[in-house]
Amino acid sequence: GSDGRETRRKRPSQSRSEHGASGNTRGFNRYRIRRLRENTFIMWIVVLGIWVVVFGVFQFMKLVQKNGFAKHLPLLNPAYPLLGNGLMFLGKPDHEKFLNLRKLTSIDYPLTRFYLGPRVMVGTTEPEIAQQILTDPAWMDKPFIYEFFELPYGLLTSKYDIWKSHRKALSPAFNMKILQSFIPVFQQFSQKLVDGLAAHPEGTTIDIDADVTTCSLEIVLLTTFGFDSSVIHECKKIGSSIERFFHLISRRVINVHHYNDFIYRWTKDYKQRESLRAYLDSWAKFLLNGVAHRYAARSTEPKEDEDVRKPKIFVDELYTNKMIKFTDKELMDHSFTMVGAGTDTSSNSVAFTLLSLGMYPEVQQKVYEEVMRVYPTDASEFTPESLKQLEYMEMVIKETLRLFPVGPLILRQSVADSTIAGLFIPKGNIFGIDIFNMHRRKDIYGEDADQFNPERFSPERSKDRNPFSFLAFSGGARGCIGIRYAMMSMKIMVAYMVKNFVIKSKLKNEDLRFKFDIILRVQNGYMVQLEKRNKAL
Numbered sequence: 001g002s003d004g005r006e007t008r009r010k011r012p013s014q015s016r017s018e019h020g021a022s023g024n025t026r027g028f029n030r031y032r033i034r035r036l037r038e039n040t041f042i043m044w045i046v047v048l049g050i051w052v053v054v055f056g057v058f059q060f061m062k063l064v065q066k067n068g069f070a071k072h073l074p075l076l077n078p079a080y081p082l083l084g085n086g087l088m089f090l091g092k093p094d095h096e097k098f099l100n101l102r103k104l105t106s107i108d109y110p111l112t113r114f115y116l117g118p119r120v121m122v123g124t125t126e127p128e129i130a131q132q133i134l135t136d137p138a139w140m141d142k143p144f145i146y147e148f149f150e151l152p153y154g155l156l157t158s159k160y161d162i163w164k165s166h167r168k169a170l171s172p173a174f175n176m177k178i179l180q181s182f183i184p185v186f187q188q189f190s191q192k193l194v195d196g197l198a199a200h201p202e203g204t205t206i207d208i209d210a211d212v213t214t215c216s217l218e219i220v221l222l223t224t225f226g227f228d229s230s231v232i233h234e235c236k237k238i239g240s241s242i243e244r245f246f247h248l249i250s251r252r253v254i255n256v257h258h259y260n261d262f263i264y265r266w267t268k269d270y271k272q273r274e275s276l277r278a279y280l281d282s283w284a285k286f287l288l289n290g291v292a293h294r295y296a297a298r299s300t301e302p303k304e305d306e307d308v309r310k311p312k313i314f315v316d317e318l319y320t321n322k323m324i325k326f327t328d329k330e331l332m333d334h335s336f337t338m339v340g341a342g343t344d345t346s347s348n349s350v351a352f353t354l355l356s357l358g359m360y361p362e363v364q365q366k367v368y369e370e371v372m373r374v375y376p377t378d379a380s381e382f383t384p385e386s387l388k389q390l391e392y393m394e395m396v397i398k399e400t401l402r403l404f405p406v407g408p409l410i411l412r413q414s415v416a417d418s419t420i421a422g423l424f425i426p427k428g429n430i431f432g433i434d435i436f437n438m439h440r441r442k443d444i445y446g447e448d449a450d451q452f453n454p455e456r457f458s459p460e461r462s463k464d465r466n467p468f469s470f471l472a473f474s475g476g477a478r479g480c481i482g483i484r485y486a487m488m489s490m491k492i493m494v495a496y497m498v499k500n501f502v503i504k505s506k507l508k509n510e511d512l513r514f515k516f517d518i519i520l521r522v523q524n525g526y527m528v529q530l531e532k533r534n535k536a537l
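Residue numbering for the sequence shown is 1 to 537, as defined by UniProt numbering.
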């Protein structure tokens, strides 16, 4: 009996011992499984890492081979694998970025090479080479950088196949009959610009850029969409949003690590860009809806009224185009391009012209005398013919755009193999035309090429000059579709300004500091002082 009791007393501890052993076994097994999983995970990380390295090396060698065609061309250092010349721009002030951009090409060599990230680009400042690039169908495409605008159907940013059909369809929107109908619009808002500037205390130094931008935007909105008073009060905000939107794109262009969409989506710039794009798109949609409703109402009008209507504005041409029925996305892209590019380029050109007149009073006096000769009274009529008589003013505008081209660099991509200046360039490569440096070549424009002298564009001095040595409006088939529109609007705005104000500036040509952007801008502002010619103004 006692033995039985002892046996019974021992069983619980025995059970606990067996249970403990079993638990230890299970714990050990779990540990082994966990370690196995960890080791497996580490193994896959190592395998993946090796694969990434091998793939990266393979891609890099492939890229080196692809870029090999340009390896004998002069290269500006420092240039690094993967980053290219990117470190010349990273973390630098805006004016220094622009100075470094100017160094990428050289007038000492017909062709040079530079790198945006790992991609090689060939550059030139030679007019003859620029002419070949801009007129050869093999170079009609735009490179990947233009995709950053996310305007795949805009004339400035679209691929060649899209551009070819859309350009042909849109050309009638810029015929002389339509442009002539815009003259009262140019006059209306030029007078509004004068009235607004007259409110500033006389002699006060102002940055004229904001006022000119608002004027240009009002003109572009009216001629693009037709009048809509509800948007006029937003013009300043729309104008500053367009400028900021383009600036963010320029930042992405020089930050090569932002080329990857996945990485870029995690940046502050992306969030700002999306916010600006949403705001600008909302206004474009609002205005396009207004045009659609207008056409719905017109559809009930008698057909015989068709011929007596006013010439079609830009969006009218999009809606009634018989060659292409544009989709909503295409309408948006073309409208955004017209408003964005049209506003920034014309306003910047006028601001630079007015600043130049302020810096060179003797030139301003000649412009004033010409304007008063062609338009002696307030009732004098502005017509395409009378605007052609402003020959000296046109020389001044061209000289301004020579020194301060709106787009300082043009990029093209080849759709076929090509030979340029003896260099064989395989299909798919990128070519850059450095307009800023080309426009200041002393072998083309003289020893004083850095100075302002409108006489350079007199018929006598320019007749033997290669037309592709002046590319303020680009050149060739993909040149600016709105060149006549731009010149007419600029002439009228400048005429109104010099007729009403004596423009002065304390800045000198050598004081101007430029900053890197999609378009050329002055970092220290377009600072002028205005003196009323008519004290009753």
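Using N, Cα and C, we set each Cβ at its ideal position, and we do this for glycine too. Keep in mind it's a predicted model, so treat the numbers as computed, not measured.
Output the distance between the C-alpha atoms of residue 162 and residue 495, rounded to the nearest integer angstrom. Counting from 1 along the sequence shown, the entry for residue 162 is found at position 162. Counting from 1 along the sequence shown, the entry for residue 495 is found at position 495. If you take the alpha carbons of residue 162 and residue 495, they lie about 38 Å apart.
So, are the CB atoms of residue 324 and residue 169 less than 7 Å apart? As a working mapping, residue 324 is identified with position 324 in the sequence shown. As a working mapping, residue 169 is identified with position 169 in the sequence shown. Yes, the pair counts as a contact, with Cβ atoms nearer than the cut-off.
Pick out the complete alpha helix (DSSP H) segments inside the segment 357 to 399, 4 residues or longer, and give them in chain order. If we require 4 residues or more, the alpha helix (DSSP H) runs fully inside the segment 357 to 399 come out as 361 to 374 and 384 to 388.
Can you tell me whether DSSP reads residue 527 as helix, strand or coil? Translated into positions along the sequence shown, residue 527 becomes position 527. Residue state, collapsed to three classes: strand.
Give me the residue from 364, 146, 83 and 33 with the minimum Cα distance to residue 501. If you number the sequence shown from 1, residue 501 lands on position 501. Closest option to residue 501, Cα to Cα, is 364.
Can you tell me whether residue 171 is helix, strand or coil according to DSSP? Residue numbering aside, residue 171 sits at position 171 when the sequence shown is read from its first letter. Looking at residue 171 - three-state DSSP - the assignment turns out to be helix.
Quick one: give me the first and last residue of the alpha helix (DSSP H) that residue 213 is part of. As a first step, residue 213 is located in the sequence shown; it is residue number 213 there, counting from the start. Taken as a continuous stretch (DSSP letters only), the alpha helix (DSSP H) holding residue 213 covers 209 to 225.
Does residue 306 pass the burial test, meaning 16 or more other C-beta atoms within 10 Å, or should it be called exposed? Along the sequence shown, read from residue 1 onward, the residue named residue 306 stands at position 306. Note that residue 306 scores 46 on pLDDT, short of 50, meaning its location in the model is unreliable; the coordinates nonetheless yield the value given after this. With fewer than 16 other Cβ atoms within 10 Å, it is exposed.
Under the three-state DSSP convention, the category residue 413 falls into: Reading the sequence shown from its first residue, position 413 is the one you call residue 413. Note: residue 413 maps to strand in three-state DSSP.
My assumption, with CB atoms under 8 Å, is that residue 526 sits in contact with residue 351. Please give the rounded CB distance. Position 526 of the sequence shown, counted from the first residue, corresponds to residue 526. Position 351 of the sequence shown, counted from the first residue, corresponds to residue 351. At roughly 4 Å, the Cβ-Cβ gap stays under 8 Å, so residue 526 and residue 351 are in contact.
Could you name the residues of the same chain whose beta carbon sits closer than 8 Å to that of residue 136, not counting the 5 residues immediately before and after it, in chain order? Position 136 of the sequence shown holds residue 136. Cβ within range, chain order: 418.
Do three or more CB pairs link the segment 446 to 456 to the segment 119 to 126 at distances below 8 Å? no
DSSP state of residue 112, grouped into three classes? In the sequence shown, counting from the first residue as 1, residue 112 sits at position 112. Strand at residue 112.
Report back the beta-carbon spacing between residue 114 and residue 99 to the nearest angstrom; my notes put them in contact at under 8 Å. Here the question's residue 114 lines up with position 114 in the sequence shown. Here the question's residue 99 lines up with position 99 in the sequence shown. Not quite, the Cβ-Cβ distance comes to about 14 Å (not below 8 Å), so this is no contact.
Do residue 130 and residue 468 have their CB atoms nearer than 7 Å? Position 130 of the sequence shown holds residue 130. Position 468 of the sequence shown holds residue 468. It is a contact, given that the beta carbons lie within the stated cut-off.
Taking only the alpha-carbon atoms, compute the straight-line gap between residue 216 and residue 233 and give it to the nearest angstrom. Here residue 216 is taken as the residue at index 216 of the sequence shown, counted from 1. Here residue 233 is taken as the residue at index 233 of the sequence shown, counted from 1. Each residue's Cα considered, the two are about 14 Å apart.
What residues in its chain sit with their C-beta under 6 Å from that of residue 85, if we drop five residues either side in the sequence? Here residue 85 is taken as the residue at index 85 of the sequence shown, counted from 1. Taken in chain order, the residues that qualify are 79, 114 and 115.
For the 8 Å Cβ check, are there 3 or more pairs between the segment 204 to 224 and the segment 177 to 195? Three or more Cβ pairs closer than 8 Å define a contact, and the segment 204 to 224 meets that threshold against the segment 177 to 195.
Check whether the Cβ atoms of residue 95 and residue 515 lie closer than 7 Å to each other. Here the question's residue 95 lines up with position 95 in the sequence shown. Here the question's residue 515 lines up with position 515 in the sequence shown. In this structure, residue 515 lies closer than 7 Å to residue 95 by Cβ.
Please name the residue, chosen from 143, 110, 401 and 369, that lies closest to residue 430 on a Cα-to-Cα basis. Translated into the one-based positions of the sequence shown, residue 430 becomes position 430. Per the Cα distances, 143.
Own chain, CB closer than 6 Å to residue 483, minus 5 neighbours either side, in chain order: Position 483 of the sequence shown, counted from the start, is the residue given in the question as residue 483. So the list reads 473, once near-sequence residues are dropped.
Cα-Cα separation, residue 341 to residue 210: Counted from its first residue, the sequence shown places residue 341 at position 341. Counted from its first residue, the sequence shown places residue 210 at position 210. Near 16 Å, if we compare the C-alpha coordinates of residue 210 and residue 341.
Secondary structure of residue 92, DSSP reduced to three states: Indexing the sequence shown from 1 puts residue 92 at position 92. Of the three classes helix, strand and coil, the one that applies to residue 92 here is coil, per DSSP.
Neighbourhood of residue 445 by C-beta, 7 Å cutoff - its chain only, sequence neighbours within 5 removed: For this step, residue 445 is matched to residue 445 along the sequence shown. Closer than 7 Å at the Cβ level, and outside the excluded window around residue 445, lie 456.
Tell me whether residue 267 sits in a helix, a strand or coil according to DSSP, three-state version. By 1-based counting over the sequence shown, the position of residue 267 is 267. In the structure shown, residue 267 falls within a coil segment according to DSSP collapsed to helix, strand and coil.
In this structure, how does DSSP classify residue 418 when only helix, strand and coil are distinguished? Residue mapping note: residue 418 aligns to position 418 of the sequence shown, counting from 1. Here residue 418 sits in strand by DSSP.
Beta-carbon contacts of residue 259 that lie in its chain and below 7 Å, excluding the five residues immediately before and after: One-based indexing of the sequence shown puts residue 259 at position 259. Excluding sequence neighbours, residue 259 sits near 117.
Inter-residue spacing [alpha-carbon to alpha-carbon] between residue 25 and residue 44: Translated into the one-based positions of the sequence shown, residue 25 becomes position 25. Translated into the one-based positions of the sequence shown, residue 44 becomes position 44. Here the C-alpha atom of residue 25 lies approximately 28 Å from the C-alpha atom of residue 44.
What does residue 501 pair with, by DSSP beta-bridge criteria? One-based indexing of the sequence shown puts residue 501 at position 501. In DSSP, residue 501 forms a bridge with 532.
Starting from residue 444, follow the alpha helix (DSSP H) in both directions and report where the run begins and ends. In the sequence shown, residue 444 corresponds to position 444, counting from 1. Per DSSP, residue 444 belongs to the alpha helix (DSSP H) from 442 to 445.
Compare the beta carbon distance of residue 387 and residue 491 with 7 Å and say whether it is the shorter of the two. On the sequence shown, position 387 is the one that residue 387 refers to. On the sequence shown, position 491 is the one that residue 491 refers to. Yes; because the gap between Cβ atoms is below 7 Å, this pair is in contact.
Between which two residues does the beta strand (DSSP E) holding residue 119 run? Within the sequence shown, residue 119 is the residue found at index 119, counting from 1. Annotation for residue 119: the continuous beta strand (DSSP E) segment containing it runs 119 to 124.
Look up residue 205 in the DSSP assignment and say whether it is helix, strand or coil. Taking the sequence shown and counting its residues from 1, one reaches residue 205 at position 205. It is a strand residue.
Are the Cβ atoms of residue 252 and residue 148 separated by less than 7 Å? As a working note, residue 252 is residue 252 in the sequence shown. As a working note, residue 148 is residue 148 in the sequence shown. Note that the C-beta distance between residue 252 and residue 148 is below 7 Å.
Classify residue 333: buried if its beta carbon has 16 or more other beta carbons within 10 angstroms, exposed otherwise. Here residue 333 corresponds to residue number 333 of the sequence shown, with the count starting at 1. Looking at its Cβ environment, which holds 16 or more other Cβ atoms inside 10 Å, residue 333 is buried.
Please report how far the alpha carbon of residue 273 lies from the alpha carbon of residue 245, in whole angstroms. By 1-based counting over the sequence shown, the position of residue 273 is 273. By 1-based counting over the sequence shown, the position of residue 245 is 245. So the two alpha carbons sit approximately 6 Å from each other.
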